[in-house]
Amino acid sequence: QTCLIHFIKRYCKPNPERMALCGPKLSLCCTVLSAWGIIQLMLMGVFFYVRSVALIEDIPLEEEYDQMSKLHTDMENGYQQNAYNCWIAALLYLVTLCISVQQFWMNNKSTYRV
Amino acid sequence: DPLEDPNAGDEVLKSVFVIFFQGEQLKSRVKKICEGFRATLYPCPDQATDRREMAVGVMQRLEDLNTVLGQTNDYRHRVLAAAAKNIKVWFIKVRKIKAIYHTLNYFNLDTSQKCLIAECWIPRLDMEAIQLALRRGTEASGSTIAPILNEMQTTESPPTFFRTNKFTGAFQALINAYGVASYREMNPAVYTIITFPFLFAIMFGDAGHGTIAFLFAMWCIVKEKQLLARKSDNEIWNYFFNGRYLIALMGIFSIYTGLIYNDIFSKSLNIFGTSWQVTLSMKDIQHVKDSMIDPAMRGNVSGYHGTPYPFGVDPIWQIATNKIVFLNSFKMKVSIILGVIHMLFGVVISFLNSKYFNKPVNIFCEFIPQVVFLSFMFGYLALLMFHKWTAYVAGGFDGDYFTSERCAPSILITFINMALMKNNEPDAPECDPYMYAGQSGLQTLLLLIALVCIPWMLFAKPFLLKKAAASKPNEHFDFAEVMILQGIHTIEYALGTISHTASYLRLWALSLAHAQLSEVLWNMVLRIGLAWNDWYGGVLLWALFGAWAGLTVGILCLMEGLSAFLHTLRLHWVEFQTKFYQGQGYLFVPFSFETILKQAEAAE
C-alpha cells in the first residue's frame, strides 16, 4: 500500500499550467507559414479582384462556349469568387497565425520556467 | 535476499544453515567439510540470551557500517560535484599546456644548449605585430633577454595564407575545397564572390524563391551571435549557417534574375503594360483555337507596339503556348555568351599569373595562342549571336525580305559549316545564306588562324625551353617529358574549349527545369484550390496553400537550390579554374588555441 501511494505521488503531480499542443519547432513552422500565407493570399486576392490576365488560367471555365455573354459572366464570376476565396483563406491563415504564435509563446514560457 | 560481494560487486546468493552435532570428532569433521566447501563459519552461542545479544550486536555493527558508508558516499559526491565545476577549465588548461609543449618540441636546441631556435612561417604584413607580441611575452615572463626574429632564405615553398572575414570565408572555403592556391598565384575566390551568385541566379531565376532564400539568410545573419553560441553539431545546419552570406547574395541575385525572367512563383508581373496587342477582329477570335500575334507590320497593323517591355521578359509570354520555344532561344544564347566571357576571363587571369611570376615563355607560347583560339572560334560565335539579334527583325527592316525572320540563318549550322569549311545553304531560295558580306571569307580566315594556334601551343614552348636549357648544361632537361606534358596541355585546352562552351548550356537547362517545376507545382497543387465556385473553396485553398508552400520550400528552394549550387560550383571548378589555376599549395595553419580547443570539442 505504501508502494502504491509512493508511485502516485511520483508520477501524478498536479499540473498548474496547460501543456502546449505542439512543440516549439512545429509552432515556429506554422507561424512562418501563416505569415507567408496571409501576405501571398491577400495579394492574390487583390490580383483576382482587378481581373489580372496572368491569373486567367486559374479561374474555372468550360472547354467551349457558344455565346460570348456566357463567357463574360463566367469569367467575371470566376474572378470574383476566386478573389473572395483567397481572402477567406487569408483570414483562416490569420487565425492559424494567432494560434501558432500563442503556442510558440507557451512553449517558450515552459522552457524558461524549467 | 542477494548480498553484494564487496570484491567483485556481483550479487551472490547466500544460504544460511545451522548444524547441530554432538561430540568433538563430529565437530572437527563438520568443520573440515565446511572448510572444503568454502563456507564461512560463525559461532552460535548456546544460550538464547547470548544469541539475542549477539544479534543486537550484529545489528548495531550493521547500522554503524551503513552510516559510515552513507557518509562516505555523501562526502565523495560533494567532492566530485565541487570538482565537476572546474573540470572543464582543467581540461582546457591541460590541452593548452599539451599544445604548447607539443609545439615547443619542434624547436631545436642551440649549440650552446642555452636557448631554443625555431623556424616558422610568418605573414610578412604581420611582422610588426609579431615583434610586439614577442616583446610582450618577454615582459610577461620577466626575463631580460629578448627573443630575436630573423628572416632567412629557404627553397621550400611557403604555405598559402588568405586573410578572410566572416563574409569572404565561405567563398574561400569553396575554392579551397577544390585545391589550395599555390603560393602567390591569383586567388579566384575574390571574383567568385560575384560570379558564383550570378551564375547560380541564372539557373535559379525565380523572384519568389529568391525572396525565400534571402529572408532565411537574413534571419541567420541578424541572429548570428545567438546561433553561433548554440554550437550545434548538426552538420547540415552548420553548412547552411556558415554559408549564410553566400545564401543571402544568391537570394538577392535570384530576385534580380527572377525579375528579368519575369517569374515569381511561375507567374509574371505586368508592371509596365505589355508591348503586344491582338490584331484579330472580335469575330475571328471567336472561331479560332489559337492564333499567332504577328509582330511584323502588315499593312498598318502590327501586333507589337514598337517599344519593348522596359525591364525583363514581356508578361504576355506566360500565356503564350510557344513560351518555351522563345525562352529556349534566348536562354541558350545568353548561356553561351556568358560562358565565353567567363572562360576568357579565366585565360586572362593566367596571363596575369605568368606576368607576376616572370615567365614570358608562358605568355608567348601559351597565353597568346589560347586567347586567339578561344576568341576567334567561340568569341566569334558570341559575336554572331549579337549580330543576329540586331540585324534581323520581323517583317524585315522597311519590308526588306533579306532582313526578315524568314532569312535569318541558324547560328549553329553556320558555325558547324565554318568548322567543316562547307558553304552555307540558304533557308529559302530567295534568301542570302550569309549574315553579312564577306562572311565566308572571314570565317575561313578565322578558322585557319585558330588551327595554326594548335601547333603553336604544342611545339613552341618545348623548343624554347630546350634552347634555354642548352645554354645551361648542368641542369637536367628531359625533352620527351616536356613534349608529352605540353601535348597533354594542348589537347586538354583545345578539346576543353569546345566541351566547356557546351557545358555552359547547363545554365539554360537548369533554368528551364526550375521554371517548369515551378509551373507544374502551381498548376497541379494550388490551382485545385482555385477551381471552386463556392465559399468552401476558401477552406480548400487554405489547406492546399500549406501543401504548396511546403513543396515549394522542399523541392524548389532546397532541392533545386542545392542542384543549382552544385552545377555552379562545377562551372567554377572545372570550366573556369582549369584555364589558370594551379592549386598545388597548402594551407598556412598557425598555432591557435581556438582551433585546438574547437577540434578537441568536436572530437568529444
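Protein chains in written order, with the numbering used here: chain A, 3 to 116; chain B, -1 to 602. Glycine residues also receive a C-beta, built at the ideal position from the N, C-alpha and C atoms.
With distances taken between CB atoms, is the gap from Leu539 (chain B) to Ala56 (chain A) smaller than 8 Å?
no
Rounded to whole angstroms, what is the Cα-Cα separation between Gly319 (chain B) and Leu556 (chain B)?
This sequence places Thr at residue 319 (chain B); Gly is not what is there. Straight-line measurement puts the Cα of Leu556 (chain B) at about 29 Å from the Cα of Thr319 (chain B).
Determine, using beta carbons only, whether Pro26 (chain A) comes closer than 8 Å to chain B.
It does not; no Cβ of chain B falls within 8 Å.
Reduced DSSP secondary structure (H/G/I, E/B, other) of Tyr302 (chain B)
In the structure shown, Tyr302 (chain B) sits in a strand (DSSP, three-state: E or B).
What in chain A is Cβ-close to Ile317 (chain B), meaning under 9 Å?
Scanning chain A for C-beta atoms nearer than 9 Å to the C-beta of Ile317 (chain B) yields Val55, Ala56, Ile58, Glu59, reported in chain order.
So is the beta-carbon of Ile594 (chain B) under 7 Å away from any non-hydrogen atom of the ligand HEM?
Judged by which ligands are present, the structure shown has none, so any question about the ligand HEM falls away.
How many Å lie between Lys15 (chain A) and Asp72 (chain B) at the Cα?
With a pLDDT of 48 at Lys15 (chain A), under the threshold of 50, the predicted position of this residue should be treated as unreliable, and no value is reported.
Strictly below 8 Å CB to CB, what residues from chain A border Gln514 (chain B)?
For a Cβ distance threshold of 8 Å, nothing in chain A lies close to Gln514 (chain B): the least Cβ distance comes to about 15 Å.
Confirm, please, whether the CB-CB distance from Tyr181 (chain B) to Thr158 (chain B) is below 8 Å.
yes
Could you tell me if Ile414 (chain B) is buried or exposed, where buried requires 16 or more neighbouring beta carbons within 10 angstroms of its beta carbon?
Exposed.
Neighbour list for Gln82 (chain A) in chain B, Cβ cutoff strictly below 7 Å
None at all; the shortest Cβ gap to chain B is about 10 Å.
Could you work out which residues of chain B lie near Met70 (chain A), taking near to mean beta carbons separated by less than 9 Å?
Met280, Gln284
Using a Cβ cut-off of 9 Å, pull out every chain A residue sitting near Asn268 (chain B), in sequence order please.
Ser54, Val55, Ala56
Within 8 Å (strictly less), CB to CB, does Leu45 (chain A) reach chain B?
Any Cβ of chain B closer than 8 Å to the Cβ of Leu45 (chain A) would place that residue at the interface, and such an atom is absent.
Taking C-alpha atoms, which residue in A:Ser71, A:Gly47, A:Cys24 lies nearest to Asp60 (chain A)?
A:Gly47
Using a threshold of 8 Å, state whether the C-beta atoms of Asn236 (chain B) and Val311 (chain B) are closer than that.
No, they are not a contact pair.
CB contact flag (Val345 (chain B), Gln368 (chain B), <8 Å)
yes
Count the other CB atoms, across all protein chains shown, that sit within 10 Å of the CB of Ser266 (chain B); report buried if there are 16 or more and exposed otherwise.
buried
Looking at the structure shown, is Trp274 (chain B) part of a helix, part of a strand, or coil, going by DSSP?
strand
Tell whether a beta-carbon distance below 8 Å holds between Ile291 (chain B) and Gly304 (chain B).
no
Closest Cα partner of Tyr189 (chain B) within the set B:Ala562, B:Gln20, B:Phe343:
B:Phe343
Do Gly544 (chain B) and Leu35 (chain A) come within 8 Å of each other at the CB atom, strictly closer than that value?
yes
Is it right to say Pro18 (chain A) is buried, meaning 16 or more other beta carbons lie within 10 angstroms of its own, or is it exposed?
At Pro18 (chain A), the pLDDT of 45 sits below 50, so the modelled position is not reliable; the number obtained from the coordinates is stated separately. Pro18 (chain A) is exposed by the Cβ-count criterion.
Contacts around Ile361 (chain B), its chain only, beta-carbon distance under 8 Å, and the 5 residues preceding and following it disregarded
Phe349, Ser352, Lys353
Beta-carbon contacts of Pro26 (chain A) that lie in its chain and below 6 Å, excluding the five residues immediately before and after
Asn109
On the CB-based measure, 16 or more other CB atoms within 10 Å of its CB, does Val450 (chain B) come out buried or exposed?
exposed
Please state whether the Cβ-Cβ distance between Gly208 (chain B) and Ser509 (chain B) is less than 8 Å.
no
I believe Thr488 (chain B) touches Ile452 (chain B) by the beta-carbon criterion, under 8 Å. Please report the beta-carbon distance rounded to the nearest angstrom.
So it is a contact: roughly 6 Å between Cβ atoms.
Where are the alpha helix (DSSP H) runs, 4 residues long or more, that stay fully inside the region 4 to 60 of chain B, in chain order?
Segments of the alpha helix (DSSP H) lying fully in the region 4 to 60 of chain B: 22 to 34.
Glu117 (chain B) versus B:Val359, B:Phe477, B:Glu126, B:Leu107, residue with shortest Cα-Cα distance
B:Leu107
Going by other Cβ atoms of all chains shown within 10 Å of its Cβ, with 16 needed for buried, is Tyr95 (chain A) buried or exposed?
Buried.
Any idea if His498 (chain B) is buried or exposed, counting beta-carbon neighbours within 10 angstroms, 16 or more meaning buried?
buried
Check this for me: beta carbons of Ala380 (chain B) and Val338 (chain B), under 8 Å apart or not?
yes
Comparing C-alpha positions only, which one of B:Phe457, B:Thr442, B:Phe194, B:Pro43 sits nearest to Phe374 (chain B)?
B:Thr442
What three-state label does DSSP hand Pro18 (chain A) in the structure shown?
Only weak support exists for where Pro18 (chain A) lies, its pLDDT of 45 falling under 50; the coordinates are left without a value.
Is there a C-beta anywhere in chain B that falls below 8 Å from the one on Leu30 (chain A)?
No, Leu30 (chain A) lies away from the interface with chain B (no Cβ there is under 8 Å from its Cβ).
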